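Working notes, structure below.
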Amino acid sequence: MTRPVHAGREGDDTRIDVRMVVAPIAGVFQPAPADDVTAEGEVVAAGGIIGHIAGPGRDEPVVSFCAGFLIRLLAEPGERVRPGQPVAWLHPVDRPATRPGTAA
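Below, the structure is given as structure tokens:
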């Protein structure tokens, strides 16, 4: 059974829970190796490393602040990013993160 969507001045009442992971420093973004992070569509653990940013004289990890499905990387490998620039989208989940083939 479908439910009607009611539109008002602010738009419809659809809610999509999405979180942005942002660059901690300015520099060049590189995604984490495939062995270290899940692929788009899989679950990333809270505290999981999504990538790294090479800045002047330092390398800073890009860390997920919550568990969630990695919807998409927004920064391309080798792209220059600014502090606070979104680099990934996450859809938060309430269960522990697991990789395919592992127990929860």
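According to numbering that gives the first Met the number 0, the sequence shown is numbered sequentially starting from 0. A virtual CB, placed ideally from N, CA and C, is assigned to each residue, including glycine. Since we're looking at a predicted model, the values are computed, not measured.
Here DSSP, grouped into helix, strand and coil, assigns L73 to coil.
When DSSP states are grouped into helix, strand and coil, I48 belongs to the strand group.
Judged by DSSP secondary structure, A87 falls within the beta strand (DSSP E) whose first and last residues are 85-91. A straight line joining the alpha-carbon of P82 with that of V62 spans about 14 Å. Minimum Cα-Cα distance from A25 among the listed residues F68, V80, A38 corresponds to V80. As DSSP reads the structure, D58 sits in a beta bridge with A53. The alpha carbon of I49 has as its nearest neighbour, out of G77, P55, L72, E78, the alpha carbon of L72. Collapsing the DSSP output to three states places R81 in coil. Across the set P30, P55, F68, V27, the C-alpha of F68 shows the shortest separation from the C-alpha of V42.
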